[in-house]
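A.B. asks: Using my numbering, read the sequence shown as starting at 1 and increasing by one per residue. Note that the Cβ used here is the ideal one computed from N, Cα and C, for glycine as well. Model, not experiment: these values are computed from the prediction.
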Amino acid sequence: MALWGGRFTQAADTRFKDFNDSLRFDYRLAEQDIVGSIAWSKALVSVDVLTVDEQQKLELALNELKLEVMEDPEQILRSDAEDIHSWVEQQLISKVGDLGKKLHTGRSRNDQVATDLKLWCRQQGQQLLLGLDRLQTQMVDVARAHQETVLPGYTHLQRAQPVTFAHWCMAYVEMFERDYSRLEDAIKRLDTCPLGSGALAGTAYPMDREELAHNLGFRRATRNSLDSVSDRDHVMELMSIASISMLHLSRLAEDMIFYNSGESNFIELADTVTSGSSLMPQKKNPDALELIRGKTGRVYGSLAAMMMTVKALPLAYNKDMQEDKEGLFDALDTWNDCMEMAALCFDGIKVNGERTLEAAKQGYANSTELADYLVAKGIPFREAHHIVGVAVVSAIAKGCALEELSIAELQEFSPVIEQDVYDILTIESCLEKRNALGGVAPQQVAYAVDQAEKRLSSRDNSAVKVRSARLTDIDALESMVAYWANQGENLPRNRNELVRDIGSFAVAEHHGEVTGCASLYVYDSGLAEVRSLGVEAGWQGQGQGTAIVQHLVEKARKMAIKKVFVLTRTPEFFMKHDFIPTSKTLLPEKVLKDCDQCPRQHACDEVALEVNLAEQIIAKMNVA
Numbered sequence: 001m002a003l004w005g006g007r008f009t010q011a012a013d014t015r016f017k018d019f020n021d022s023l024r025f026d027y028r029l030a031e032q033d034i035v036g037s038i039a040w041s042k043a044l045v046s047v048d049v050l051t052v053d054e055q056q057k058l059e060l061a062l063n064e065l066k067l068e069v070m071e072d073p074e075q076i077l078r079s080d081a082e083d084i085h086s087w088v089e090q091q092l093i094s095k096v097g098d099l100g101k102k103l104h105t106g107r108s109r110n111d112q113v114a115t116d117l118k119l120w121c122r123q124q125g126q127q128l129l130l131g132l133d134r135l136q137t138q139m140v141d142v143a144r145a146h147q148e149t150v151l152p153g154y155t156h157l158q159r160a161q162p163v164t165f166a167h168w169c170m171a172y173v174e175m176f177e178r179d180y181s182r183l184e185d186a187i188k189r190l191d192t193c194p195l196g197s198g199a200l201a202g203t204a205y206p207m208d209r210e211e212l213a214h215n216l217g218f219r220r221a222t223r224n225s226l227d228s229v230s231d232r233d234h235v236m237e238l239m240s241i242a243s244i245s246m247l248h249l250s251r252l253a254e255d256m257i258f259y260n261s262g263e264s265n266f267i268e269l270a271d272t273v274t275s276g277s278s279l280m281p282q283k284k285n286p287d288a289l290e291l292i293r294g295k296t297g298r299v300y301g302s303l304a305a306m307m308m309t310v311k312a313l314p315l316a317y318n319k320d321m322q323e324d325k326e327g328l329f330d331a332l333d334t335w336n337d338c339m340e341m342a343a344l345c346f347d348g349i350k351v352n353g354e355r356t357l358e359a360a361k362q363g364y365a366n367s368t369e370l371a372d373y374l375v376a377k378g379i380p381f382r383e384a385h386h387i388v389g390v391a392v393v394s395a396i397a398k399g400c401a402l403e404e405l406s407i408a409e410l411q412e413f414s415p416v417i418e419q420d421v422y423d424i425l426t427i428e429s430c431l432e433k434r435n436a437l438g439g440v441a442p443q444q445v446a447y448a449v450d451q452a453e454k455r456l457s458s459r460d461n462s463a464v465k466v467r468s469a470r471l472t473d474i475d476a477l478e479s480m481v482a483y484w485a486n487q488g489e490n491l492p493r494n495r496n497e498l499v500r501d502i503g504s505f506a507v508a509e510h511h512g513e514v515t516g517c518a519s520l521y522v523y524d525s526g527l528a529e530v531r532s533l534g535v536e537a538g539w540q541g542q543g544q545g546t547a548i549v550q551h552l553v554e555k556a557r558k559m560a561i562k563k564v565f566v567l568t569r570t571p572e573f574f575m576k577h578d579f580i581p582t583s584k585t586l587l588p589e590k591v592l593k594d595c596d597q598c599p600r601q602h603a604c605d606e607v608a609l610e611v612n613l614a615e616q617i618i619a620k621m622n623v624a
């Protein structure tokens, strides 16, 4: 069923439907559409369109749908729905009946898709930051291992001056650092919520859009409804960053292809990123790097297409904007894949240090050192430059290096040259003299590697933060606890209980959105229980539960609690965090009284586990 059929007396031509429908690609926004719908349902309660009971029914159904999508996203493609918004609405109506039809009150697909896309871009942006971080980390590790590996540096693809393989690696680390910074900035700029902007003129319902934005984890609401539904700057900005970063990846790939060639023989790529020839058995082709280089144009094309799509579009929304998603999805997927492949190319790489040193010694790379030597002897640089040029011509004619010329031969070019010249013509001298910040001297390269490692280690890439719960989290806590209680995984807790026990709760927060919770209930005699552990539907497997449990165990340790226990149907999760099975008979009587509330009390399948913090402290002291 279309969302707009009342105005029309004829059905759409099937060819137009195929041309118009976007479900085949915007199905990737399913989770974002569901999350946005939950937030919108809460906003409708604030303006008396929905009752609290109706909202809870909708939220429960939407969370169930979110889990179903997480388990099988391809199911969406088996539908004939027009787009992801109509698919979600159809599924919701099938779960809750006519109540599902009330959810779209005051909302347009224009502000809905704008919100979905921003939520997706924000989440994808964080994943891309992780990809850049992994690539930089891999390259810094390789740089640290090859600080003493000499490599010829090039200009115009001619051997110029000696550098080190580490210095070359760090050049690309700097490029990717700029990409990381650009991406962080872009994520900050797109962190505004369009929901509540309606089709173009805003919503007629007096809801608090700032509160709505915060419920979705956005920094603030957008400020102009016309701009909100037609803004695709964030799409183009992410594509632009992807294009610049792909440029860096392409340059990296080209360097490595050249270094890997038989003519250079500087590096050998691992078998895991190379392929052979169907005809020539001796070949080992750098296909991963060539594909990175080739896919760069694909990302550029997506950016150019998007800019041409938006160029000269009148305000506000136009169907042209449906063309934003396929190019964006492909560009960011391609960028992410290429970063992963680039990092993989450094895994198992072999650097032929003898060959790189030999190549660095060729090509008269120490000519500049000889010129600097003459300047130190009082000869003007331009004259010194000419003298060395003549010396190089002579060395070429004799088929030898500059340092292989005798002192008598060198003095034919300038009488100021003495025996000490040979000390400055060595590769080691060439490197050590360039000791200014950013230079290739071993001391500077080591400093650069150290600083890069510090920058990388200081990044918070988890995007998961755990903090003590606040009263402003009550709605989120009540929703999660009720959801998992309905699933039979936790005991029910009413709102008054949650308010009373707010001090015992911790919540996981992902970019401002509460995504998980649990409480640490303290008993007499140094015993505590992890209760009400729950993660928002769709956030499972992303570190939320782990972060919360670690936080509560550490809190218990600081409180000098001796043991922390849990009753659970997923013991394997807690056993990963040092919990071990124990007997329920050893638990306090108060714990067993709580079981009277449980619908499964007569067929209990929960397992008791505990972690003994007192024993851990003693064990650490004995090791020390």
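In terms of residue numbering, what span does the alpha helix (DSSP H) encompassing Tyr523 cover?
C.D. replies: Careful: Tyr523 lies outside any alpha helix (DSSP H), inside the beta strand (DSSP E) at 513-523.
A.B. asks: Counting pairs of beta carbons, one from the stretch 503-519 and one from the stretch 542-552, are three or more of them closer than 8 angstroms?
C.D. replies: Yes, the stretch 503-519 touches the stretch 542-552.
A.B. asks: Consult DSSP for Arg298 and reduce its assignment to one of helix, strand or coil.
C.D. replies: Helix at Arg298.
A.B. asks: Taking Thr356 as part of the alpha helix (DSSP H), name the residues at either end of that continuous run.
C.D. replies: Its alpha helix (DSSP H) spans residues 353-361.
A.B. asks: Report the CB separation of Ile38 from Glu59 in whole angstroms; it is logged as a contact under 8 angstroms.
C.D. replies: With 8 angstroms as the limit, Ile38 and Glu59 qualify as a contact, their Cβ atoms being about 5 angstroms apart.
A.B. asks: Considering only C-alpha positions, which residue in the set Glu453, Asn224, Thr426 is nearest to Thr192?
C.D. replies: Nearest C-alpha to Thr192: Asn224.
A.B. asks: Assuming Asn352 and Leu402 form a contact by the criterion Cβ under 8 angstroms, report the distance between their Cβ atoms to the nearest whole angstrom.
C.D. replies: The pair is not a contact, with the Cβ atoms about 24 angstroms apart (cut-off 8 angstroms).
A.B. asks: Out of Ile244, Ser228, Glu237, Arg293, which has the shortest C-alpha to C-alpha gap to Phe258?
C.D. replies: Out of Ile244, Ser228, Glu237, Arg293, Arg293 has the C-alpha closest to the C-alpha of Phe258.
A.B. asks: Are Glu268 and Lys350 close, meaning C-beta to C-beta below 7 angstroms?
C.D. replies: Going by C-beta atoms, Glu268 is nearer than 7 angstroms to Lys350.
A.B. asks: I'd like to confirm something about Pro314: is its beta-carbon nearer than 6 angstroms to some heavy atom of the ligand SAH, or not?
C.D. replies: This structure does not include the ligand SAH; it has no bound ligands of any sort.
A.B. asks: In or out: Ala528 buried (at least 16 other Cβ within 10 Å) or exposed?
C.D. replies: Buried: at least 16 other Cβ atoms inside 10 Å.
A.B. asks: On the criterion of 16 or more Cβ atoms from any shown chain inside 10 Å, does Leu249 qualify as buried, or is it exposed?
C.D. replies: That one is buried.
A.B. asks: For Leu533, report the span of its beta strand (DSSP E) as first-last.
C.D. replies: From DSSP, the beta strand (DSSP E) with Leu533 extends over 527-535.
A.B. asks: Which residues in the same chain as Lys377 place their Cβ atom closer than 7 angstroms to its Cβ, once the five residues preceding and following it in sequence are excluded?
C.D. replies: Cβ within range, chain order: Val416.
A.B. asks: Under 7 angstroms between the Cβ atoms of His234 and Leu195?
C.D. replies: Against a cut-off of 7 angstroms, the Cβ pair of Leu195 and His234 comes out as no contact.
A.B. asks: Which complete alpha helix (DSSP H) runs does the stretch 131-190 hold, if anything under 4 residues is left out?
C.D. replies: With a minimum length of 4 residues, the continuous alpha helix (DSSP H) runs that stay inside the stretch 131-190 are 165-189.
A.B. asks: Could you please give me the residues that DSSP links to Pro581 through a beta bridge?
C.D. replies: Looking at the DSSP assignment, Pro581 forms a beta bridge with Leu609.
A.B. asks: With the cut-off set at 7 angstroms, would you say Gln32 and Asp116 are in Cβ contact?
C.D. replies: Contact: yes.
A.B. asks: Identify whether Ala603 lies in helix, strand or coil by the three-state DSSP scheme.
C.D. replies: At Ala603, the pLDDT of 49 sits below 50, so the modelled position is not reliable; the number obtained from the coordinates is stated separately. Ala603: helix per DSSP, three-state reduction.
A.B. asks: Have a look at the DSSP bridge pairing and note the partners of Cys338.
C.D. replies: Answer is none; Cys338 lacks a bridge partner.
A.B. asks: Does the Cβ-Cβ distance between Ala608 and Lys576 come in under 7 angstroms?
C.D. replies: Their beta carbons are not under 7 angstroms apart, which means Ala608 does not touch Lys576 by this criterion.
A.B. asks: Determine the direct distance from the alpha carbon of Phe176 to that of Arg122, and round the result to whole angstroms.
C.D. replies: So the two alpha carbons sit approximately 19 angstroms from each other.
A.B. asks: Three-state secondary structure (DSSP) at Ala614?
C.D. replies: Correct three-state label for Ala614: helix.
A.B. asks: Less than 6 angstroms between C-beta atoms, sequence neighbours within five positions excluded: which residues of the same chain meet that for Asp18?
C.D. replies: Closer than 6 angstroms at the Cβ level, and outside the excluded window around Asp18, lies no residue.
A.B. asks: The beta strand (DSSP E) spanning Leu567 covers which residue range?
C.D. replies: Counting along the chain, the beta strand (DSSP E) containing Leu567 begins and ends at 563-568.
A.B. asks: Return helix, strand or coil for Glu489, following the three-state DSSP convention.
C.D. replies: Looking at Glu489 - three-state DSSP - the assignment turns out to be coil, as it is neither helix nor strand.
A.B. asks: Less than 7 angstroms between the C-beta atoms of Lys284 and Thr274, yes or no?
C.D. replies: Yes. Within cutoff.
A.B. asks: Between the Cα of Glu404 and the Cα atoms of Gln411, Tyr422, Val388, Met308, which residue gives the shortest distance?
C.D. replies: The residue with the shortest Cα to Cα distance from Glu404 is Tyr422.
A.B. asks: How is Glu74 classed by DSSP in three states: helix, strand or coil?
C.D. replies: In the structure shown, Glu74 sits in a helix (DSSP, three-state: H, G or I).
A.B. asks: Pull up the CB-CB distance for Gly543 and Val466, whole angstroms please, since I reckon it's below 8 angstroms.
C.D. replies: Wrong, their Cβ atoms sit about 10 angstroms apart, outside the cutoff.
A.B. asks: Any chance the stretch 533-541 sits against the stretch 57-75, with 3 or more Cβ pairs inside 8 angstroms?
C.D. replies: Contact between the stretch 533-541 and the stretch 57-75 is present, because at least three Cβ pairs lie under 8 angstroms.
A.B. asks: Looking at the unbroken alpha helix (DSSP H) that takes in His386, where does it start and where does it end?
C.D. replies: Where His386 is concerned, the enclosing alpha helix (DSSP H) stretches over 381-398.
A.B. asks: Pairing CB atoms from the stretch 296-306 with CB atoms from the stretch 319-328, are three or more of them under 8 angstroms?
C.D. replies: A contact exists between the stretch 296-306 and the stretch 319-328.
A.B. asks: Does His510 pass the burial test, meaning 16 or more other C-beta atoms within 10 Å, or should it be called exposed?
C.D. replies: Buried.
A.B. asks: Using a Cβ distance threshold of 8 angstroms, determine whether the stretch 206-225 contacts the stretch 40-47, with at least three qualifying pairs required.
C.D. replies: The stretch 206-225 is in contact with the stretch 40-47.
A.B. asks: Give the secondary structure of Ala556 by DSSP, where H, G and I count as helix, E and B as strand, and everything else as coil.
C.D. replies: Three-state DSSP puts Ala556 in a helix.
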